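In what follows, a single structure is set out as structure tokens and then discussed.
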Amino acid sequence: MFRILAAAALGLSTVTVAPVAAHAAPQAGLVITHIKCNEQEDNTGADDAYLVVDGSTIWGPVQMTTGDSKDIQNVAVPQGKVLTLMEGDWPDDDDNLGAKTVNGPGDYSFTDDGANYVVTVANG
Ligand SMILES: [Ca+2]
Ligand SMILES: [Ca+2]
Ligand SMILES: [Ca+2]
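Heads up: the sequence shown is residues -24 to -1, 1 to 100, going by mature numbering (1 follows the signal peptide of the UniProt record, and there is no 0).
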């Protein structure tokens, strides 16, 4: 047992440690440019739509009703991250309208909870 541990320790000591990268790879530079509401979530009044990445709100809340189409001023969204569309309510809990992993430019649909939104992601 002891010999095995000693051998393992010896083995570890010969492992060369790769230098730690000075800084992370640059982001792909994706941005959110547009949001379209094909079907709002709330039955009465406008939705209070907002977009969340990693628990932080990156856009909104903005009032949206069915048929609304709004330009967004190039809000950065990191590639590979999960983008969640939320709808604010009070006093009951906010509604999760869907979550999508942002893999590149394109239209992302959020259709949970009876809603239908399309968020456009473009190269920044
Ligand atoms: Ca709601
Ligand atoms: Ca609401
Ligand atoms: Ca709710």
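Backbone N, C-alpha and C fix where the C-beta goes; we use that ideal spot for every residue, glycine too. Everything numeric in this text was worked out from a predicted model, so none of it was measured.
Shown in chain order are the residues whose CB sits closer than 5 Å to a heavy atom of ligand 1: GLU17, ASP18, GLU63, ASP65, ASP71.
In the structure shown, ASP89 falls within a helical segment according to DSSP collapsed to helix, strand and coil.
Comparing alpha carbon positions, the residue from SER32, VAL51, THR42 closest to ASP18 is THR42.
The beta carbon of ASP68 sits closer than 7 Å to at least one heavy atom of ligand 3.
In this structure, the straight-line span from the alpha carbon of LEU27 to that of ASN79 is close to 16 Å. Distance from the C-beta of ASP44 to the nearest heavy atom of ligand 2 is not below 7 Å. In this structure, ligand 2 has no non-hydrogen atom nearer than 7 Å to the beta-carbon of ASP30. Shown here, TRP35 sits in a strand according to DSSP, grouped into three states. THR87 places its beta carbon 8 Å or farther from that of GLY100.
Distances taken from the Cβ of ASP89 to the heavy atoms of ligand 2 include none shorter than 7 Å.
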